[in-house]
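Reading through the structure tokens given below for one structure.
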Amino acid sequence: MFQGASALAMDAKGRLTVPTRHREVLQALCGGQLTITKHPEGCLMVFPRSAWETFRDRIAALPMSAAGWKRVFLGNAQDVEIDAAARVLIAPELRTSAGLQKDVMLLGMGSHFELWDAQAYAAHEAQVMQSELPDALKDFSF
């Protein structure tokens with residue numbers, strides 16, 4: 255289960271260093287093999303390969319009415335590996351689509367991660383905090 259936020263710096267080649275707290279788990283879970291694809295909210299999703307395969311199968315089983323979203327998720331998926339320096343290369347196409355600059359946020363979301371441009375995530379979080387709680391959280395005890 256991945257959780258927590260990590261502020262990271264992407265180098266000029268589009269590489270990110272995987273935070274230490276996630277490295278061992280990712281090596282054990284998937285041998286450092288990850289899949290990165292687009293998220294509907296403008297960030298990227300980063301999956302350990304086994305979690306990606308589950309997600310991919312669920313997306314592939316969607317009806318034709320969801321063909322456009324199948325293309326977004328499956329057509330943009332990039333398989334990557336954590337290199338010997340504990341870095342992951344984010345493809346230029348994915349960096350551009352998510353507006354990733356040097357400063358990024360990696361958020362643990364349970365079975366996968368979200369990768370956001372730091373400024374875009376700050377704006378997104380501020381908007382969420384200003385909005386009304388969704389019905390699913392109205393009866394939730396904090």
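In this note's numbering, the protein residues as written are 255 to 396.
We treat Cβ as the ideally placed atom computed from N, Cα and C, and that holds for glycine.
- Of all C-beta pairs linking the region 283-293 to the region 329-349, three or more are shorter than 8 Å, placing the two stretches in contact.
- The region 301-308 makes contact with the region 363-376; the number of CB pairs closer than 8 Å reaches 3 or more.
- The region 321-362 contains, as complete beta strand (DSSP E) runs of 3+ residues, the segments 332-335, 341-343 (chain order).
- Across the set 266, 372, 276, 260, the C-alpha of 276 shows the shortest separation from the C-alpha of residue 340.
- Minimum Cα-Cα distance from residue 303 among the listed residues 281, 318, 317, 323 corresponds to 281.
- The count of Cβ pairs closer than 8 Å, one atom from the region 310-320 and one from the region 384-391, stays below three, leaving the stretches out of contact.
- Comparing alpha-carbon positions, the option among 314, 325, 346, 257 lying closest to residue 268 turns out to be 346.
- If you look at residue 316, you'll find it isn't in any alpha helix (DSSP H); DSSP assigns it neither H nor E.
- Between the C-alpha atoms of residue 378 and residue 369 there is a straight-line separation of about 13 Å.
- Following the DSSP letters along the chain, one finds residue 369 inside the beta strand (DSSP E) bounded by residues 367-371.
- Separation of residue 256 and residue 298 (C-alpha to C-alpha, rounded to the nearest whole angstrom) is 15 Å.
- Assigned with DSSP and collapsed to three states, residue 376 falls in helix.
- As a beta-bridge residue in DSSP terms, residue 260 pairs with 360.
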